[in-house]
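**Student:** Please find one structure pasted underneath; my questions will follow.
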Amino acid sequence: MLNRLQYISQGNTVEEQLYNIHQALDHGCDWIQIRFKTTVEKDLLTLAEATKTLCQEYLATLIINDNVRLAKEIDADGIHLGLTDMAIPEARTILGDAKIIGGTANTYENILSHVANGCDYVGLGPFRFTTTKDKLSPILGLEGYQKILDQLQQEQIKIPVFAIGGIQLEDVESIIKTGIHGIAVSGLLTNSDSKTKLITQLNEKLYGYVIV
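Numbering (our numbering), first residue to last: 63 to 274.
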């Protein structure tokens with residue numbers, strides 16, 4: 063089962079990244095995606111190895127953003143691929159059938175392609191403008207999500223879809239009503255002064271009950 067709440071890591075250094083990841087885990091988030099674009103390969107490997115140790119300790123899922131070779135090297139739980147990254151079938155050949163492969167999508171057509179290529183879940187966005195990611199795709203908003211999820215339902219296409227991009231706590235109920243499986247957050251959790259409370263509130267909205 064894919065957790066409904068994903069945390070995408072933030073930080074400009076290995077230390078900042080690791081601190082934010084540890085904070086997310088310590089306050090109850092059990093799905094971590096390492097996203098560390100502005101670094102050298104050596105530092106990325108250091109972060110990934112340290113994060114894997116933490117995720118094993120917290121029984122959390124570890125996903126690597128983009129870097130299939132790194133995911134293979136540290137035996138991560140899976141990979142998340144952007145629209146211009148390695149093709150999903152190629153990544154599947156490298157990582158094997160047991161690993162999770164997620165893919166970024168901005169349109170219904172993107173999702174169809176991911177489904178055809180054997181993707182396990184889709185990160186659909188952005189929901190609204192966010193400063194977390196450069197070169198932002200067209201913003202979808204609630205209406206965009208509803209239209210795409212309705213199309214998937216009409217065609218009886220089943221794949222877990224995660225909303226991403228500038229999501230706030232007050233958005234979650236409306237987003238879930240569209241048929242979205244879950245959400246991926248970054249700055250919302252990183253910048254929170256009450257992480258345990260926030261994660262509890264998010265899980266209540268995502269699952270409909272309290273996660274203990």
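Backbone N, C-alpha and C define an ideal beta-carbon position, used for all residues, glycine too.
Hey, how far is the Cα of residue 208 from the Cα of residue 135?
**Tutor:** Answer to the nearest angstrom: the Cα atoms are 38 Å apart.
**Student:** Under the rule that 16 or more other beta-carbon atoms within 10 Å means buried, what is residue 128, buried or exposed?
**Tutor:** With 16 or more other Cβ atoms within 10 Å, it is buried.
**Student:** Which residues mark the beginning and the end of the beta strand (DSSP E) in which residue 127 is found?
**Tutor:** Taken as a continuous stretch (DSSP letters only), the beta strand (DSSP E) holding residue 127 covers 123–127.
**Student:** According to DSSP, is residue 167 helix, strand or coil?
**Tutor:** Residue 167 falls in the strand class under three-state DSSP.
**Student:** Using CA coordinates, which residue listed in 112, 116, 191, 185 is at the minimum distance from residue 90?
**Tutor:** Taking only the C-alpha atoms, the option nearest residue 90 is 116.
**Student:** Rank 156, 175, 211, 103 by C-alpha distance to the C-alpha of residue 244 and give the top, closest one.
**Tutor:** Answer by Cα proximity: 211.
**Student:** Find the nearest neighbour of residue 202 within the set 175, 217, 185, judged by alpha-carbon distance.
**Tutor:** With distances taken between Cα atoms, residue 202 lies closest to 185.
**Student:** Residue ranges of each beta strand (DSSP E) run of no fewer than 3 residues wholly in the segment 152–234, ordered along the chain?
**Tutor:** Counting only runs of 3 or more, we get 162–167, 183–186, 223–226.
**Student:** Helix, strand or coil: which one does DSSP assign to residue 89?
**Tutor:** Looking at residue 89 - three-state DSSP - the assignment turns out to be coil, as it is neither helix nor strand.
**Student:** Where does residue 70 sit, in a helix, a strand or coil, going by DSSP?
**Tutor:** Strand.
**Student:** For residue 131, is the classification buried or exposed, using 16 other Cβ atoms within 10 angstroms of its Cβ as the cut-off for buried?
**Tutor:** Under this definition residue 131 is an exposed residue.
**Student:** DSSP state of residue 102, grouped into three classes?
**Tutor:** Coil, per DSSP.
**Student:** What would DSSP say about residue 274, mapped onto helix, strand or coil?
**Tutor:** With a pLDDT of 47 at residue 274, under the threshold of 50, the modelled position of that residue is not reliable, and the figure given next carries that caveat. In this structure, residue 274 counts as coil in the three-state DSSP scheme.
**Student:** Could you tell me the alpha carbon to alpha carbon distance between residue 169 and residue 143, rounded to whole angstroms?
**Tutor:** Using only the alpha carbons, I get a separation of about 15 Å.
**Student:** How long is the line joining the alpha carbons of residue 100 and residue 258, rounded to whole angstroms?
**Tutor:** Distance between the alpha carbons of residue 100 and residue 258: 28 Å.
**Student:** Under 6 Å Cβ to Cβ from residue 166, same chain only, skipping five residues before and after it: list those, please.
**Tutor:** Result list for residue 166: 144, 145, 185, in chain order.
**Student:** Who are the Cβ neighbours of residue 93 in its own chain at under 6 Å, not counting the five residues just before and after it?
**Tutor:** 65, 68, 123, listed in sequence order.
**Student:** Residue 226 and residue 246 - do their beta-carbons sit closer together than 7 Å?
**Tutor:** The answer is yes: Cβ separation under 7 Å.
**Student:** What's the call for residue 14, buried or exposed, on a 16-neighbour Cβ count within 10 Å?
**Tutor:** Residue 14 lies beyond the range of the chain shown here (63 to 274); nothing can be said about it.
**Student:** Would you mind reading off the limits of the alpha helix (DSSP H) that contains residue 246?
**Tutor:** Looking at the DSSP string, residue 246 is not in any alpha helix (DSSP H); the run it does join, the beta strand (DSSP E), is 244–247.
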